[in-house]
Amino acid sequence: MEAILINGKEIAQKTRMDIAEEVKKLKENGNVPGLAVILVGNNHASRTYVNNKEKACKDLGMLSLLIELPESLHENDLLAKIKELNEDPTIHGILVQLPLPKQINEKKVIESISPEKDVDGFHPINIGRMMTGQETFLPCTPFGIMVMLKEMEIETEGKHVVIVGRSNIVGKPSGQLFLNENATVTYCHSRTKDLKFHTRQADILVSAVGIANFITADHVSDGAVVIDVGMNRDENGKLCGDVAFETVKQKAGYITPVPGGVGPMTITMLMYNTMKSAKNASMAQHV
Ligand code: NDP
Numbered sequence: 012m013e014a015i016l017i018n019g020k021e022i023a024q025k026t027r028m029d030i031a032e033e034v035k036k037l038k039e040n041g042n043v044p045g046l047a048v049i050l051v052g053n054n055h056a057s058r059t060y061v062n063n064k065e066k067a068c069k070d071l072g073m074l075s076l077l078i079e080l081p082e083s084l085h086e087n088d089l090l091a092k093i094k095e096l097n098e099d100p101t102i103h104g105i106l107v108q109l110p111l112p113k114q115i116n117e118k119k120v121i122e123s124i125s126p127e128k129d130v131d132g133f134h135p136i137n138i139g140r141m142m143t144g145q146e147t148f149l150p151c152t153p154f155g156i157m158v159m160l161k162e163m164e165i166e167t168e169g170k171h172v173v174i175v176g177r178s179n180i181v182g183k184p185s186g187q188l189f190l191n192e193n194a195t196v197t198y199c200h201s202r203t204k205d206l207k208f209h210t211r212q213a214d215i216l217v218s219a220v221g222i223a224n225f226i227t228a229d230h231v232s233d234g235a236v237v238i239d240v241g242m243n244r245d246e247n248g249k250l251c252g253d254v255a256f257e258t259v260k261q262k263a264g265y266i267t268p269v270p271g272g273v274g275p276m277t278i279t280m281l282m283y284n285t286m287k288s289a290k291n292a293s294m295a296q297h298v
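Whatever position you read off the sequence shown (first residue = 1), add 11 for my numbering.
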């Protein structure tokens, strides 16, 4: 039997309707959620991501502030800009589009964003909060995966989740969120020996590698849930994930497509975090 499709686009639309309701309530009380996006240089992919974020903000009635800075920017000028935004009460979320030019230290930049406005959930303080199960901004892609599974009523407790990829923005925090939901988690990466041995044991397999057709039917057990985070280009330049979709869907129980899977959820959770930050700020006003 073919796998059930996890339609990220549809789930994202539903989630955005809930966010829009919350934004409406905030605006009625004079609080417009505001997201500042900083784009340094002229990376084509980064510009596309930034445009999509701007559009999502506008569609939800949120304020979107795009700050474009030159490739040759000095690190101190970026830090000064972030300081200004940290202090700006109309801005609730600050996002610096990565990657940054070589002369700028990404770690330093991320750490300069106020944790209360870190809607990407990349600040070490927020990562620590996530690890210890405290209230925080969850990183958008892993958060989106969890929301999709909840919407599909796919149980995570007691399940064996295998994550391929251990980046700070996707792989590692994904595993942590599954652990917080009482799953048993295995991380795989480029030094893992006998990858298939591990992936075949997964009830839920998450691939965040960045190589087209990397996960084949051989990697997957019958009925497994397959979440494809990858965003790659195939030999014809078409957007595709890490998973060989056509063959894996014959074996899996559930599968996310690319496009229309994890991608739309990522941007939606960014909107959610910005709305949540505005809500936190408005509650702080009333204390
Ligand atoms: P990174 O390049 O930072 O991480 C890739 C991971 O894959 C690393 O941990 C690496 O291992 C592992 N890996 C590489 N080769 C192999 C291999 N042969 N066997 C096993 N593991 C391997 O990528 P990101 O986490 O940033 O992104 C992953 C993918 O997800 C990309 O395609 C990216 O475009 C996409 N993405 C999609 C998003 C969405 O919204 N849909 C959001 C963010 C990313 P090691 O650590 O050992 O090097």
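Note that CB positions come from ideal geometry on N, CA and C, so glycine has one too.
Between Leu80 and the set Leu74, Asp88, Thr277, the nearest pair of CA atoms involves Asp88. In this structure, Val34 has its beta carbon at no less than 7 Å from each heavy atom of the ligand NDP. Each of Lys262, Thr203, Asn224, Met141 was checked against the Cα of Ser232, and the nearest Cα belongs to Lys262. When the five nearest sequence neighbours on each side are left out, the beta carbons in the same chain lying within less than 8 Å of the beta carbon of Val181 are those of Pro150, Thr152, Pro153, Ala219, Val240, in order along the chain. A distance below 6 Å between beta-carbons, with the five flanking residues on each side excluded, links Asn191 to the following residues of its chain, in chain order: Gly144. For Gly274, the uninterrupted alpha helix (DSSP H) segment begins and ends at 273-296. The stretch 153-167 makes no contact with the stretch 113-125, as fewer than three CB pairs between them are under 8 Å.
If only uninterrupted alpha helix (DSSP H) runs of at least 4 residues are considered, those enclosed by the stretch 27-114 are 55-70, 86-97. Contact between Val34 and Gly72 holds: their C-beta atoms lie close to 5 Å from each other, under 8 Å. Within the chosen limit of 7 Å, the ligand NDP does not reach the beta carbon of Val107 with any heavy atom. Asp253 carries a coil assignment under DSSP once its states are collapsed to helix, strand and coil.
Using a C-beta cut-off of 8 Å, the stretch 20-37 makes contact with the stretch 59-73, since at least three inter-stretch Cβ pairs fall below that distance.
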